[in-house]
Amino acid sequence: MFFVAMKYCHGSWCLLLSLLLFTIWEPGSAQLRYSVPEEAKHGTFVGRIAQDLGLELTELVPRLFRVASKDRGDLLEVNLQNGILFVNSRIDREELCGKSAECSIHLEVIVDRPLQVFHVEVEVKDINDNPPVFPTTQKNLFVSETRALDSRFSLEGASDADIGTNALLTYRLSPSEYFSLEVPTTDELVKPLELVLKKPLDRERDSELHLVVKATDGGKPELTGTLELHITVLDANDNAPAFDRAIYRVKLVENARNGTLVIRLNASDLDEGSNGQILYSFAADIPPKTEATFHIDPVSGEIKVNGKIDFEETNLWKIQAEAVDEGSPPMFGHCTILIEVLDINDNAPKLIVTSLSLPIREDAPVGTVIALISVTDPDSTVNGQVTCSLTPQVPFKLVSTFKNYYSLVLDSALDRETTADFKVVVTARDRGSPSLWDTASVSVEVADVNDNAPAFAQPEYTVFVKENNPPGAHIFTVSAVDADAQENALVSYSLVERRVGERLLSSYVSVHAESGKVFALQPLDHEELELLQFQVSARDAGVPALGSNVTLQVFVLDENDNAPTLLPHGAVGAGGAVSELVPRSVGSGHVVAKVRAVDADSGYNAWLSYELQFGAGSVRSPFRVGLYTGEISITRALDEVDAPRQRLLVLVKDHGEPALTATATVLVSLIESNQAPKASSRVLAGTAASESPVVDVNVYLIIAICAVSSLLVLTLVLYTALRCSALPTEVTCGPGKPMLVCSSAVGSWSYSQQRRQRVCSGEGPPKTDLMAFSPSVPPGLGSGDSGVQQEIFENPRQPNPDWRYSASLRAGMHSSVHLEEAGILRAGPGGPDQQWPTVSSATPEPEAGEVSPPVGAGVNSNSWTFKYGPGNPKQPGPGELPDKFIIPGSPAIISIRQESANNQIDKSDFITFGKKEETKKKKKKKKGNKTQEKKEKGNSTTDNSDQ
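Read in order, the letters of the sequence shown are residues -30 to -1, 1 to 917 in mature numbering (1 follows the signal peptide of the UniProt record, and there is no 0).
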């Protein structure tokens, strides 16, 4: 979009100013760009900056819209009413940027809430407001009349402060028949203007010549500058000094010390004598700054440093030097020296921190902008390239926004309770060698947020308070700590109201809101309230407020504040005295009466003791009272000397501190034996009426005990009936009572107390979990023959080395039968204990003894192998193998028969696991063969006789 404005100037000239507005949004840089011509009037429109930045006009003032410039902040201004950027004061491009090809004003537009920064560049366009200017307005030249044609005379060209076409100069020489002006081309800008002699001079004809050199720039309208040449024609000296080079190029390091040699000039003159003696000097029209910075020796032609060499101020020096002889008239030679200054890293970066948004809340989100940081380095190339960094271990980071502009932003969450403030050091370091740096310190204070609730040291406190405390007594102090600050850490305390019985908690206790002291508002009574449990709430003053509760358990400790109270008993006479009738014939130890008392206190304060009070000078009383029972009994036989009416004072005392007492009066009337029944009947009538509640309680207690006992007996009877009902009814057992025994080779027997089932021989009878049959008992011997059994126990037969075990195992059983290493067989009374391996169905272990079938043995296999583990120190041979085995906790029945070597092995010997299901399966399997069934029954009878 283009804006064109007309400007009326002095005279009859009208200057047409074009104002070019061009907005560019570079990716990632957010740059807004305008342009304005220099010398624009005050109020000249530059651009609608608020609209272009996407800001509403109504939010400019509330968000503190402001424009800052590090160059000159008064050149441009923004109207906050319409958001227009306009020219505020005179802008001189040459004063602002000099000869720089690009000239712009950098603006920082800053708005708050939230903090935003925009970078705006306003390009200042050059106008042709500066005419060409020669170093001097007049120059004197002395030219010999003998000077050869095409002789050249160097002239210093004009300079134009403008740039571009406005500084593009053209030269014209006023009409002359002797001289012409030679202008260097664009590629030879370093060469000076030259006045060329095109016709021999004749002093006698023209001793002086006046010429004008006119310089015109390329601007519109054109501006000009003039140089007047005053040429004096001389005689004599024919040859001018000549330099060996027209242009000298030299490189000089910045900050070179004074006296450093820059270059040595060399000129020669073909004349002799004084006309050939050469003196060196700078041109008369060089700038004073050049003459102050460098010094030339007039004899040797050496140019040395005489001032400060600063690359940032001047990076290229252009010096015109002359060589003049001592002829008359003198002749001059000219040369140009170009001195290029080499930059060194002599300027450290400079940091500027602006627009601090402090303090920052501890709940600020990540990415919040805290400060704006700019950095400058006037050096060039790598010496001016700057990188910024932060001190480590801070929750902030630097984000580059535009060129050498950075934003200090929050990188991680803050916690004021951990760190209340940060000292962030920003370091800017250039890439020169050696590297230079600058630091800036930013103190970031973290503002507190109410994110911590008050915390008590422990969740529950136990307080012990004696009863009968004075009203308003201080019983405890609660204290909570809040990690926040200021009002967020100001804690106040209050009760969590609830009902205690029929009353509110606040009628018992109160808590001070500031100190947390807990007060008892009224005296506490242990007999009424032993434990008072309540909660105290602590809340801070933050918004929103946070709080926590603590539980207080107040135990009311008992004090001895209740005296013993007597319970009424028997016939109570006048004044509360108890009357008792006692026959004189009763003996020592007879209980006459019992004083009963209770104490409302607890513990030692309620522990009562009884003692009789005797008056001074009283005779020995025949009565005593139990110290803790209160029973009044007779200590000796009563005689005629004893008064017929005895007044006994019983002192009841507790064990409190101080002890409290009560006194009971018992009136005892001694009567003769013939009066005892009548008196006893009256006494019993009164006693029955008073002790009826006690009798009722005893009756209820007896009924409850009988009911519980009956229930226990019924349970045992039912359990026994259920166990007995599980036995089979269709199978009959052999004669005699079965005995669950196991014998060893030395006659030791073991009796199993684990299960009390009946054991019968044959196929059908149930089997016990532990049963062993002796192979040495002859057939037909019943288990009830104790004599034969005793003989077997005392003289056991040695086992035959050739023995086998036949087993009838249930289908699907795959585990082997193992021998427990520590099986103990207990002998009869007085007999020794013998360790033998026992059979177990547990999971095998590597070292355990075991009984297992051979490889390939099936369920009905009769061949079994016994192995012993390392637990038995003695590894028995074939003749020492045990003939009985115990299976504790298992329903297995192992029957072993040992025959002599020449006898045929009876395959009816078996190992069976006694289960009713196995018996039923075997019966079904043998129904088809009655002969085989009889044979097996015979074998079973034989085995039964072995028992």
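Cβ coordinates follow ideal geometry from the N, Cα and C atoms, glycine included.
Here the structure is a predicted model, which is why all the values come from computation and not from measurement.
Rounded to the nearest angstrom, the Cβ distance from Val481 to Val488 is 5 Å, consistent with a contact under 8 Å. Taking each of Glu601, Leu618 and Ser603 in turn and checking the Cα distance to Gly585, the smallest one comes out for Leu618. Contact check for Val223 against Ile233 fails: the beta carbons are separated by 8 Å or more.
A direct Cα-Cα distance of roughly 8 Å separates Gly195 from Ala128. For Ala20, the enclosing alpha helix (DSSP H) begins and ends at Ile19 to Asp22.
In the DSSP assignment, Leu475 is bridged to no other residue. For Ser639, DSSP records a beta bridge to Leu551 and Arg615. In the DSSP assignment, the residues bridged to Trp407 are Arg399. Between Leu684 and Arg554, the C-beta spacing is not below 8 Å.
In this chain, the beta strand (DSSP E) harbouring Thr196 covers Thr194 to Leu204. Here Val79 is not near Val6, since their CB atoms are 8 Å or more apart. Annotation for Asp571: His496, Glu497, Asp528, Glu529, Asn530, Asp531, Asn532, Asp624 and Gly626 place their beta carbon closer than 8 Å to its own, counting only its chain and skipping 5 residues before and after.
Minimum Cα-Cα distance from Ser464 among the listed residues Asn458, Ala483 and Ala453 corresponds to Ala483.
The Cβ atoms of Glu387 and Ala453 lie closer than 8 Å to each other. Segment contact: the stretch 336 to 355 against the stretch 420 to 440, fewer than three CB-CB distances shorter than 8 Å; contact not assigned. Between the stretch 228 to 244 and the stretch 109 to 116, the count of C-beta pairs closer than 8 Å stays below three; the two stretches do not touch.
Around the beta carbon of Tyr689, fewer than 16 other beta carbons lie within 10 angstroms, which makes this residue exposed.
In its chain, beyond the 5 residues on either side, Ala417 and Val419 have a beta carbon closer than 7 Å to the beta carbon of Arg331.
Distance between Leu597 and Leu475, taken at the CA atoms: about 43 Å. The straight-line gap separating the alpha-carbon atoms of Thr397 and Asp408 is approximately 6 Å. It is roughly 55 Å from the alpha-carbon of Asp130 to the alpha-carbon of Pro365.
Restricting attention to Thr521, Glu115 and Gln363, the CA atom closest to the CA of Asp172 is found in Glu115.
Annotated three-state conformation of Lys221 is strand, per DSSP.
With a beta-carbon spacing of about 5 Å, Leu85 and Ser327 fall inside the 8 Å limit used to define contacts.
With distances taken between CA atoms, Asp82 lies nearest to Leu34 out of Leu34, His89 and Val466.
Annotation for Lys320: Val345, Thr346, Asp347, Ala398 and Asp408 place their beta carbon closer than 8 Å to its own, counting only its chain and skipping 5 residues before and after.
In the DSSP assignment, Lys259 falls within the alpha helix (DSSP H) that extends over Pro258 to Thr263. The C-beta distance from Ala450 to Ala511 rounds to 13 Å, too long to meet the 8 Å contact threshold. Contact annotation, Val524 with Val506: C-beta distance approximately 11 Å; criterion of less than 8 Å not satisfied.
Counting only runs of at least 3 residues, the stretch 106 to 140 fully encloses the following beta strand (DSSP E) elements, listed from N- to C-terminal order: 108 to 114 and 122 to 125. With fewer than 16 other CB atoms across the displayed protein chains lying within 10 angstroms of its CB, Asp44 is exposed. With a cutoff of 8 Å on beta-carbon distance, Arg615 and Thr605 are scored as not near each other. When DSSP states are grouped into helix, strand and coil, Glu29 belongs to the helix group. In this structure, DSSP gives Leu66 a helical state, which the three-state scheme calls helix. The DSSP-derived three-state label of Ile97 is coil. By the criterion of a C-beta distance shorter than 7 Å, Arg117 is surrounded in its chain by Leu167 and Leu171, once the five residues flanking it on both sides are discounted.
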